[in-house]
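K.L.:
Last residue of the sequence shown: 266 (full-length UniProt numbering), numbering continuous.
The structure under discussion is supplied below as structure tokens; questions concerning it will follow.
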Amino acid sequence: MAIIALVSAKGSPGVTTSALACTLSWHRRLVLAECDPAGGTVLAGYLGGALDGPRGIGELAVGELRDGNLESAFWSQLVDLDAPKRERLLLPGVVDPAQAGSVTPLWQRFADFFGDLEKGQPAYDVIADCGRLQVTGPPWPILRAAAVVLLVTRAHLPDLSATRSMIRAIERDFTEHRVPPGTLRLLVVGDGHGKGEIGKALRVPVIGRMPEDRRTAQVLSLGGTVRAGRPLMRAAGGLEAPVRALLDRRRARLAWPATQEVPDAV
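Shown next, in the form of structure tokens:
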């Protein structure tokens, strides 16, 4: 499935929680890449800071700028979330604000590298937690390279208003950079307006809804035992099929002659 990017317009609607839940529940080899310039949280939160020593995208960026060694250094910077299987891997985000300055000029380099992971042996797809876009140095190249971009939003009016503005910003950027249409979908978190109502109002289809499940969200944020039967994990697992179907339809459409059209809706 190549790159699946999750991003939000503002606040904390659950981007990291949703990205981690998908990583732990999908049936593919995955790398969860924390690409939020504001910093990563999984290492200190879900993993409880159990690992010693610096690790993650910040260290990769420093090494790449110094030695150009991304290909050789990448695998040593990952954390196995399901050891020793190496099927669900974490690339931790920046932990020091100073690292953000090293990562920002390399977003395109990381985007190209992540996209090639699906061609490797074994192949990995990448779930990219891109955080909020309203920050300094947002990872636009990651979004442009993504096969699917999930814009995460809560379902209340203030959140939806900010999401509407972000949709227009993403659409303008994608048009300018000739990103194929049909990439963007909404992922709704929690109670509030219905999926159909939101999709119609914002003119972007809603691919799924993550329920309020504070117990599981706390485990994913602070550590503990993840239970597959909990509502949040079931909903995350259920996203795999529509995301895969969306990707398959986009690939089929891009393979057709320009005069042909293939419907693209979820």
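Glycine residues also receive a C-beta, built at the ideal position from the N, C-alpha and C atoms.
Model, not experiment: these values are computed from the prediction.
Use the C-beta contact count for aspartate 129: other C-beta atoms within 10 angstroms, 16 or more gives buried, fewer gives exposed.
P.N.:
For the purposes of this step, residue 129 is taken as residue 129 along the sequence shown, with counting starting at 1. When all chains shown are included, aspartate 129 counts as buried.
K.L.:
Using a Cβ-Cβ cutoff of less than 7 Å, which residues in the same chain neighbour arginine 154 once the five nearest sequence positions on both sides are dropped?
P.N.:
If you number the sequence shown from 1, residue 154 lands on position 154. Answer for arginine 154: Pro13, Val189, Gly190 and Gly192, listed in chain order.
K.L.:
Between which two residues does the alpha helix (DSSP H) harbouring valine 15 extend?
P.N.:
Translated into the one-based positions of the sequence shown, residue 15 becomes position 15. Residues 15–25.
K.L.:
Could you tell me which whole beta strand (DSSP E) segments of length 3 or greater appear in the region 104–186?
P.N.:
125–132 and 148–155
K.L.:
Could you give the distance in angstroms between the alpha-carbon of phenylalanine 110 and the alpha-carbon of threonine 104?
P.N.:
Translated into positions along the sequence shown, residue 110 becomes position 110. Translated into positions along the sequence shown, residue 104 becomes position 104. Their backbone Cα atoms lie some 10 Å apart in a straight line.
K.L.:
Looking at the structure shown, is glycine 93 part of a helix, part of a strand, or coil, going by DSSP?
P.N.:
Locating residue 93 in the sequence shown gives position 93, where the first residue counts as 1. In this structure, glycine 93 counts as coil in the three-state DSSP scheme.
K.L.:
Taking the beta strand (DSSP E) that alanine 5 falls in, what are its first and last residues?
P.N.:
For the purposes of this step, residue 5 is taken as residue 5 along the sequence shown, with counting starting at 1. Unbroken beta strand (DSSP E) run through alanine 5: 3–8.
K.L.:
How is leucine 222 classed by DSSP in three states: helix, strand or coil?
P.N.:
Start at 1 with the first residue of the sequence shown, and residue 222 comes out as number 222. If DSSP states are grouped into helix, strand and coil, leucine 222 belongs with the helices.
K.L.:
Check each candidate in Ile207, Ala147, Leu184 and Ala21 and name the one with the smallest Cα separation from residue 321.
P.N.:
Only positions 1 to 266 of the chain appear in the structure, and residue 321 is not among them; the question remains open.
K.L.:
Leaving out five residues before and five after alanine 19 in sequence, what residues of the same chain have Cβ atoms less than 7 Å from its Cβ?
P.N.:
Taking the sequence shown and counting its residues from 1, one reaches residue 19 at position 19. Excluding sequence neighbours, alanine 19 sits near Leu6, Leu32, Ile127 and Asp129.
K.L.:
Taking 7 Å as the line, does the beta carbon of alanine 2 fall inside it for any heavy atom of the ligand GDP?
P.N.:
With respect to the ligand GDP, the structure offers nothing, as it holds no ligand at all.
K.L.:
What whole-angstrom Cβ distance do proline 242 and isoleucine 207 have, given they're in contact under 8 Å?
P.N.:
Locating residue 242 in the sequence shown gives position 242, counting from the first residue. Locating residue 207 in the sequence shown gives position 207, counting from the first residue. Between isoleucine 207 and proline 242 the Cβ distance is about 5 Å, and since that is below 8 Å, they are a contact.
K.L.:
Taking contact to mean 3 or more Cβ pairs, one atom from each stretch, closer than 8 Å, check whether the region 63–73 and the region 81–95 are in contact.
P.N.:
no
K.L.:
Classify aspartate 213 as helix, strand or coil using the three-state DSSP reduction.
P.N.:
If you number the sequence shown from 1, residue 213 lands on position 213. Coil at aspartate 213, not helix or strand.
K.L.:
Closest by CA to leucine 213, which one among Arg203, Ala228, Ala201 and Ile3?
P.N.:
Here residue 213 is taken as the residue at index 213 of the sequence shown, counted from 1. Rather than leucine, the amino acid found at residue 213 in this sequence is aspartate. Measuring from the Cα of aspartate 213, the nearest candidate turns out to be Ala228.
K.L.:
Name, in chain order, the residues that DSSP records as bridge partners for aspartate 80.
P.N.:
Within the sequence shown, residue 80 is the residue found at index 80, counting from 1. Its beta-bridge partners are Leu89.
K.L.:
For alanine 123 and arginine 215, what's the separation of their Cα atoms in angstroms?
P.N.:
Indexing the sequence shown from 1 puts residue 123 at position 123. Indexing the sequence shown from 1 puts residue 215 at position 215. Straight-line spacing of the CA atoms in alanine 123 and arginine 215 works out to 33 Å.
K.L.:
For glycine 190, does the three-state DSSP call read helix, strand or coil?
P.N.:
One-based indexing of the sequence shown puts residue 190 at position 190. Per DSSP, reduced to three states, the secondary structure at glycine 190 is strand.
K.L.:
Measuring only the C-alpha atoms, how far is glutamine 134 from leucine 151?
P.N.:
Here residue 134 corresponds to residue number 134 of the sequence shown, with the count starting at 1. Here residue 151 corresponds to residue number 151 of the sequence shown, with the count starting at 1. Roughly 13 Å separates the two Cα atoms.
K.L.:
Candidates Gly49, Lys10, Pro54 and Leu24: which alpha carbon is nearest arginine 36's?
P.N.:
By one-based count along the sequence shown, residue 36 stands at place 36. This sequence places aspartate at residue 36; arginine is not what is there. Looking at the Cα atoms, Lys10 is the closest of the given residues.
K.L.:
DSSP has alanine 33 in a bridge; who is on the other side?
P.N.:
Against the sequence shown, residue 33 aligns to sequence position 33. Its beta-bridge partners are Leu91 and Ala128.
K.L.:
For arginine 203, which residues of its own chain have a beta-carbon under 8 Å away from its beta-carbon, when the five flanking residues on both sides are left out?
P.N.:
The residue labelled residue 203 in the question sits at position 203 within the sequence shown. Only Ile167 meet the Cβ criterion.
K.L.:
Looking at the strands, I want to know which residues DSSP matches up with valine 206.
P.N.:
Numbered from its first residue, the sequence shown carries residue 206 at position 206. The partner list for valine 206 (beta bridge, DSSP) reads Leu186.
K.L.:
Looking only at C-alpha atoms, which of Asp67, Gly68, Thr136 and Met233 sits nearest to glycine 101?
P.N.:
Walking along the sequence shown from the start, residue 101 turns up at place 101. When only C-alpha atoms are compared, the closest one is Thr136.
K.L.:
Using a beta-carbon distance below 8 Å, is valine 126 in contact with chain E?
P.N.:
Of the protein chains in the structure, only one exists, and it is not chain E.
K.L.:
Between which two residues does the alpha helix (DSSP H) containing valine 42 stretch?
P.N.:
For the purposes of this step, residue 42 is identified with residue 42 of the sequence shown, where counting begins at 1. Bounds of any alpha helix (DSSP H) do not take in valine 42, whose DSSP letter is neither H nor E.
K.L.:
Since serine 12 is in the alpha helix (DSSP H), which residue starts that stretch and which ends it?
P.N.:
Your numbering for residue 12 matches position 12 in the sequence shown. It is not in any alpha helix (DSSP H) - serine 12 carries neither H nor E in the DSSP assignment.
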